[in-house]
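Peer 1: Next up is a structure, given as C-alpha cells.
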Amino acid sequence: MIDRPIEPPENIPKQPIEQKTPPPPPESFPEAPTSKIHNFKQYLIDKYKFSEHEANLFIQRMTQFVADQMRKEFAKMNKSIKDAFKEEDQ
159 MIDRPIEPPE NIPKQPIEQK TPPPPPESFP EAPTSKIHNF KQYLIDKYKF
209 SEHEANLFIQ RMTQFVADQM RKEFAKMNKS IKDAFKEEDQ
C-alpha cells in the first residue's frame, strides 16, 4: 500500500472546461396537433360547443381529479402494505 498521496502526472495537458450555456427556453410549448389532448379538446369544442378556454379548464380539472384519485389509491395501497409488514413483525 502507498503511504503518500498519489499526484497526477505533470505531462497531461489540462484542457479548459467548456462552459455550455443552456438553450433559451421556448416562448411556449405548443401542443402537437396530433396529440390526444389536442384531439380531445377539439372534440369538446366541436361536439359540445366549448370555447377553447372552457375546454382547457375541463381538461385541467379532469386531470387534477384523476391525479387526486390516484393519490388516494396509492395511499390506501401503501397503508395496507405497511399494515401487512406490521403483522409479520409481531
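Following the numbering used here, the numbering of the sequence shown begins with 159 at its first residue and continues without gaps.
Glycine included, C-beta positions come from ideal geometry on N, C-alpha and C.
Flag this pair as yes or no: are the beta carbons of K199 and A213 separated by less than 8 Å?
Peer 2: Sequence index remark: in the sequence shown, residue 199 carries index 41 (1-based). Sequence index remark: in the sequence shown, residue 213 carries index 55 (1-based). Yes.
Peer 1: Mapping the DSSP letters down to three states, classify S193 as helix, strand or coil.
Peer 2: Indexing the sequence shown from 1 puts residue 193 at position 35. Residue state, collapsed to three classes: coil.
Peer 1: May I have the straight-line CA-CA distance separating P219 from K237, to the nearest angstrom?
Peer 2: For the purposes of this step, residue 219 is taken as residue 61 along the sequence shown, with counting starting at 1. For the purposes of this step, residue 237 is taken as residue 79 along the sequence shown, with counting starting at 1. Reading off the sequence shown, one finds Arg at residue 219, where the question assumed Pro. In a straight line, the C-alpha of R219 is about 27 Å away from that of K237.
Peer 1: To the nearest angstrom, report how far apart D204 and A225 are at their CA atoms.
Peer 2: If you number the sequence shown from 1, residue 204 lands on position 46. If you number the sequence shown from 1, residue 225 lands on position 67. Using only the alpha carbons, I get a separation of about 26 Å.
Peer 1: Should F216 and F208 be called a contact, given that it needs their Cβ atoms to be closer than 8 Å?
Peer 2: Here the question's residue 216 lines up with position 58 in the sequence shown. Here the question's residue 208 lines up with position 50 in the sequence shown. For F216 and F208, yes; Cβs fall inside 8 Å.
Peer 1: What are the boundary residues of the alpha helix (DSSP H) that includes F208?
Peer 2: Reading the sequence shown from its first residue, position 50 is the one you call residue 208. Careful: F208 lies outside any alpha helix (DSSP H) and carries neither H nor E.
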